[in-house]
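In the numbering used here, the protein residues as written are 15 to 216.
Beta carbons are placed, not taken as given, at the ideal position from N, Cα and C, and that holds for glycine.
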Ligand SMILES: [Zn+2]
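What follows is the structure, given as structure tokens:
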């Protein structure tokens with residue numbers, strides 16, 4: 015199976031041949047990749063400024079914004095079914111027993127820095143035909159959103175920010191949700207975030 019990968023030490027970006035991953039665990043899901051987004055992080059990785067291959071190999075398969083379709087699932091999978099559209103999550107938690115964000119499935123709120131990320135940091139990404147992942151890292155996508163669902167991962171950046179704003183406001187006595195926001199940044203993620211804020215006001 016072909017994949018698009020970066021070789022940081024050789025300073026190359028190109029096609030590599032990789033083995034098709036197999037379902038191993040009973041909660042594993044096999045996903046055929048349909049679309050992959052490209053963002054500023056990918057540009058940095060392809061300029062060899064960022065990104066880390068998995069241990070023991072000299073290349074990193076690119077791609078961390080993906081839409082796929084479920085082709086097969088392990089015996090104990092309940093979150094998705096064959097034929098479902100899914101966005102595959104990027105970050106994986108650190109192993110520290112006492113680190114609450116990672117133990118509470120909120121690994122995006124890291125402080126240890128010891129996370130791994132598909133397509134970015136020590137895990138291969140989605141610019142290939144098939145990926146296998148644990149069902150907990152799959153986000154089911156309604157069919158009606160198929161045309162824009164590849165934007166799910168970048169949209170989560172703004173949505174997580176809004177979540178935190180709401181949590182801060184909720185704990186202030188007598189406060190109501192705010193109705194004004196300033197969105198800084200006019201890049202694609204900033205514009206997507208602006209749309210998020212506008213919808214949160216409705
Ligand atoms: Zn990105």
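How would you write the range of the alpha helix (DSSP H) that residue 159 sits in, first residue to last? From DSSP, residue 159 is part of no alpha helix (DSSP H); its letter is neither H nor E.
Whole angstroms is fine: what's the gap from residue 143's alpha carbon to residue 111's? 35 Å
Where the beta carbon is closer than 6 Å to any heavy atom of ligand 1, which residues qualify, in chain order? 53, 55, 78, 79, 168
Identity of the residues DSSP links to residue 87 by a beta bridge: 43
Buried or exposed, going by whether 16 or more other CB atoms sit within 10 Å of the CB of residue 155? buried
Which class does residue 36 belong to by DSSP, given the choice of helix, strand or coil? coil
Could you tell me which residues DSSP pairs with residue 145 in its beta bridges? 45
Report the three-state DSSP secondary structure of residue 166 (helix, strand or coil). helix
Measure the alpha-carbon distance for residue 131 versus residue 184 and round it to whole angstroms. 31 Å
Under 8 Å by Cβ, that's how I've got residue 79 and residue 54 pegged, so tell me the actual separation to the nearest angstrom. The Cβ separation is near 11 Å, so there is no contact.
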